[in-house]
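Before any comments, here is the structure.
Numbering (UniProt numbering), first residue to last: 1 to 218.
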């Protein structure tokens, strides 16, 4: 699967793929990850400016539509083997559809996801209206930019891609509490924190029942 991230801070994204499972999956060719510096698509050859003041007044600056449109067209041109129906352009947005496990599974069916990461006071609304296929939010809060949101989506989606996880039984599974040694941990105050006895019983039927009962809602 191919991921493309349009951002003014490519180093934030690239550093994330230097460690861990996604780094391994990328190195082995199961994932393709490309970052695109939005400033390289600026029409301002001197300062590479990609933002301007909002019409109607207001605080801060707004990311302009033109460099984003150029970046997306460039990405699509350089991946002609991927048909439009197999790619999705996603704008990370606080007003977007809430991202969850079901959405991660849906997005994993595409061959290419293109992420637009906003900054400053936001992105020109014409990006949402005419360029993005959909808007996604990772929660009811405001971040400084879309990079973290894009990485959240990429990691969740990647779990559904073959060979990314060592244990593919973990894909989309509902988690339950887990414990490891020691069986009893004693704090410096003398308190004893114990592992539930059922997990030490060796009775797999009862262990499965306990795990089903204590699954988290995801």
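By construction, the Cβ of each residue, glycine as well, lies at the ideal position given by its N, Cα and C atoms.
Under the DSSP assignment, residue 194 falls in the beta strand (DSSP E) whose first and last residues are 192–194.
Inside the stretch 96–178, DSSP marks whole alpha helix (DSSP H) runs of 4 or more residues at positions 101–107 and 147–158, from first to last along the chain. Burial check for residue 140: the Cβ neighbour count within 10 Å stays below 16, so the residue is exposed.
For residue 89, the closest alpha carbon among the candidates 102, 69, 98 and 101 is that of 69. If you draw a straight line from the Cα of residue 176 to the Cα of residue 204, it is about 15 Å long. Non-local beta-carbon contacts of residue 131 in its own chain, meaning distances under 8 Å to residues more than five positions away in sequence, involve 65, 68, 69, 72, 89, 91 and 116 in chain order.
Close CB contacts of residue 111 within its chain, under the 7 Å cut and outside five residues either way in sequence, are with 1, 2, 82, 86 and 87 (chain order).
Per the DSSP secondary-structure output, residue 36 pairs in a beta bridge with 6.
Straight-line spacing of the CA atoms in residue 102 and residue 15 works out to 27 Å. Under the criterion of beta carbons closer than 8 Å, residue 93 and residue 128 qualify as touching, at roughly 7 Å. Looking at the DSSP output, residue 51 bridges to 63. If you look at residue 186, you'll find it in the beta strand (DSSP E) that goes 184–186. Setting aside the 5 residues that flank it on each side, residue 210 is surrounded in the same chain by 198, each with a C-beta closer than 6 Å to its C-beta; the list follows chain order. Per DSSP, the continuous alpha helix (DSSP H) segment holding residue 25 begins and ends at 20–27. Within the same chain, 17 come within 6 Å of residue 23 by CB-CB distance, once the 5 residues on both sides are set aside. For residue 197, no alpha helix (DSSP H) run applies, since DSSP gives it neither H nor E. Bounds of the alpha helix (DSSP H) holding residue 206 are 204–213.
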